[in-house]
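Residue numbers (the working numbering): 247 to 654. Even for Gly, the Cβ is constructed at its ideal location relative to N, Cα and C. Here the structure is a predicted model, which is why all the values come from computation and not from measurement. Worksheet for the structure shown next.
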C-alpha cells in the first residue's frame with residue numbers, strides 16, 4: 247500500500263503521472279547501449295492530510311547515490327551562491343573558530359570550502375564515495391555515509407553537537423524523512439541553527455517545472471508542509487527566504503522549539519498566508535497540473551517538428567537529471583537532438599539514460615555549428631548563454647523549454 251512518508255496516510259490523489267522513466271543520473275557507456283535498461287513509474291501523489299507531494303521509493307537510495315554523476319562545483323553561479331551564504335551566516339550568527347559546522351549531502355565540498363577558509367571546523371556527510379573523494383582531496387573533513395538518526399548520535403559522541411547544520415537540495419532526496427529530521431534534532435546544539443534549501447512546490451506548479459521531478463527526488467515541499475514536519479520533530483522554523491536558485495527555492499532557518507531566544511519572523515507569517523491564498527491546502531490546487539504539462543509537451547514537440555522539417559541542426563547543452571525527465575517524457579531522441587554537451591568529464595562520452603543521446607565536451611558545439619542549442623539546465627540559462635556567446639557568429643539560437651518554449 248502506498249503510504250505518505252511523513253504522516254502515514256494512504257495516498258490516493260495523483261499530482262502528476264509522467265509515465266515510465268529511467269533513473270535520471272544513470273548515464274550509459276557504449277557497451278551498455280544494447281542492454282536492458284530499467285524504467286520505473288514517475289508518478290507523484292499528494293497526501294490529502296499533510297499535502298506532501300511525493301513519489302514511492304522504487305529504488306534503494308544506495309543504488310542511486312553511492313556513485314553519483316553530479317558535482318556541484320561545475321556551476322560558477324552555484325559556487326557564488328555558496329560563498330555568499332557562508333559570508334551571510336558568519337556575519338548574521340557570528341560563527342567562528344569555536345563553532346562546528348556540519349553539511350548534509352556536502353557533495354564535492356563546494357560550500358564547506360568557504361568555512362574552511364575562515365578556519366571554522368567542519369564536517370561533510372556525503373554518501374557518494376566518488377564525489378566525497380573530491381572534497382577529501384581539498385582537505386575537507388568528509389564522512390562517506392547516509393545521514394540518519396543513528397549517524398547523528400555517533401557524530402555527537404565522536405565530535406560534538408553542531409552549531410550549524412546545512413542541507414542544500416537534500417531534503418527532496420531522503421526517503422525516510424522522519425528518521426532524517428530526528429537526526430537533525432539530535433545533532434543540533436541547544437542554541438544551534440539549521441538551514442535547508444529546496445525547490446518551492448509553488449514555483450514548480452506556477453512555472454510548469456515538471457522536469458524537476460525524478461526518482462532521486464522523493465518529496466516536493468510547500469512551506470506549509472515542511473513547517474508541519476519540523477514542528478512534529480520538535481524544531482521550529484523561525485525565518486525563511488525566497489531564493490531564485492533552481493527555478494525558485496526556499497531557504498528555511500530552524501532551531502529547537504525550546505530555543506526562546508529566536509523569534510519567528512514576519513516573513514514566516516507572510517509566506518504562510520501567501521501559500522494559503524494560492525490554495526496549497528485545497529486538493530483542487532493539485533488537480534490541474536497534469537493537463538498543463540501535457541500542453542507544454544505539445545508546445546515543445548511542435549518546436550522540434552517545425553525546426554526538423556526545415557532541416558535545422560539542434561544540439562543540447564548540459565546533461566542534468568532534469569533534462570532526462572524532459573527528454574524521456576516528450577520522447578525526444580536523436581531524431582530531434584543530435585548530441586548534447588556537458589562540462590562535467592564524468593558525463594562526457596557517455597549516453598543519456600533512455601534516449602541514448604550522446605554527451606560530448608562543450609568544444610563539440612563550435613565543431614558542429616548547430617542552428618539551435620536546447621538548454622536543458624534552464625535554471626542556469628544566463629550563465630550558459632554568456633558562455634556560448636561565440637555561437638552568435640554563425641547565428642545560433644538558444645531554446646529554453648520551461649515555463650514556456652522560448653527561442654532567444
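Query - Contacting residues, own chain, Cβ-Cβ under 8 Å from residue 357 (five flanking each side not counted) - result: If you number the chain shown from 1, residue 357 lands on position 111. Once the five neighbours on either side are set aside, the close Cβ partners of residue 357 are 318, 328, 331, 332, 349, 412 and 414.
- Please classify residue 388: does DSSP put it in a helix, a strand, or coil? Looking up residue 388 in the chain shown gives position 142. Residue 388 falls in the strand class under three-state DSSP.
Assuming the contact rule is C-beta atoms closer than 8 Å, residue 298 and residue 471 should be a hit. Round their C-beta distance to whole Å, please.
Residue numbering aside, residue 298 sits at position 52 when the chain shown is read from its first letter. Residue numbering aside, residue 471 sits at position 225 when the chain shown is read from its first letter. Contact holds; Cβ gap of about 5 Å.
Is it the case that the Cβ atoms of residue 468 and residue 489 are separated by a distance below 8 Å? Sequence index remark: in the chain shown, residue 468 carries index 222 (1-based). Sequence index remark: in the chain shown, residue 489 carries index 243 (1-based). 8 Å or more divides the Cβ of residue 468 from the Cβ of residue 489.
> Do you know how far the Cα of residue 475 is from the Cα of residue 521?
Replying inline: Your numbering for residue 521 matches position 275 in the chain shown. Your numbering for residue 475 matches position 229 in the chain shown. Near 16 Å, if we compare the C-alpha coordinates of residue 475 and residue 521.
With a threshold of 16 other CB atoms inside 10 Å of the CB of residue 555, please say whether the residue is buried or exposed.
Looking up residue 555 in the chain shown gives position 309. Under this definition residue 555 is an exposed residue.
Who pairs with residue 300 in a beta bridge, going by DSSP?
The residue labelled residue 300 in the question sits at position 54 within the chain shown. Per DSSP, 291 and 465.
From 498, 615, 591 and 598, pick the residue whose C-alpha is nearest to that of residue 607; which is it?
For the purposes of this step, residue 607 is identified with residue 361 of the chain shown, where counting begins at 1. Of the listed residues, the one whose Cα sits closest to residue 607 is 591.
Quick check: the region 351-365 against the region 383-398, are there 3 or more CB pairs under 8 Å? The region 351-365 makes contact with the region 383-398: 3 or more CB pairs, one atom from each, lie closer than 8 Å.
| field | Among 334, 601 and 582, nearest to residue 279 - alpha-carbon criterion | value | In the chain shown, the residue the question calls residue 279 occupies position 33. Nearest option by C-alpha distance: 601.
Using only alpha-carbon positions, find the residue among 262, 277 and 295 that is nearest to residue 287.
Residue 287 sits at position 41 when you count from the first residue of the chain shown. The residue with the shortest Cα to Cα distance from residue 287 is 262.
### Message
So within the region 399-437, which uninterrupted beta strand (DSSP E) runs reach at least 3 residues, ignoring any that extend past its ends?
### Response
If only complete runs of 3 or more residues are kept, the region 399-437 shows the beta strand (DSSP E) at 408-414, in order along the chain.
Note to self: Please report the straight-line C-alpha distance between residue 652 and residue 646, rounded to a whole angstrom.
What the structure shows: Position 406 of the chain shown, counted from the first residue, corresponds to residue 652. Position 400 of the chain shown, counted from the first residue, corresponds to residue 646. Distance from the CA atom of residue 652 to the CA atom of residue 646, rounded to whole angstroms, is 5 Å.
In whole angstroms, what separates the C-alpha of residue 633 from that of residue 593?
For this step, residue 633 is matched to residue 387 along the chain shown. For this step, residue 593 is matched to residue 347 along the chain shown. Residue 633 and residue 593: Cα-Cα distance of roughly 19 Å.
Exercise for review: Could you give the DSSP three-state label for residue 363: helix, strand or coil?
Suggested key: Position 117 of the chain shown holds residue 363. For residue 363, the secondary structure class from DSSP, reduced to helix, strand or coil, is helix.
Practice task
With a threshold of 16 other CB atoms inside 10 Å of the CB of residue 588, please say whether the residue is buried or exposed.
Solution key: As a first step, residue 588 is located in the chain shown; it is residue number 342 there, counting from the start. Burial call: buried.
Original post:
Closest to residue 613 by CA distance: which of 629, 253 and 642 is it?
Top reply: On the chain shown, position 367 is the one that residue 613 refers to. Taking each of 629, 253 and 642 in turn and checking the Cα distance to residue 613, the smallest one comes out for 642.
**Q.** Helix, strand or coil at residue 341 [DSSP, three-state]
**A.** Position 95 of the chain shown, counted from the first residue, corresponds to residue 341. In this structure, residue 341 counts as coil in the three-state DSSP scheme.
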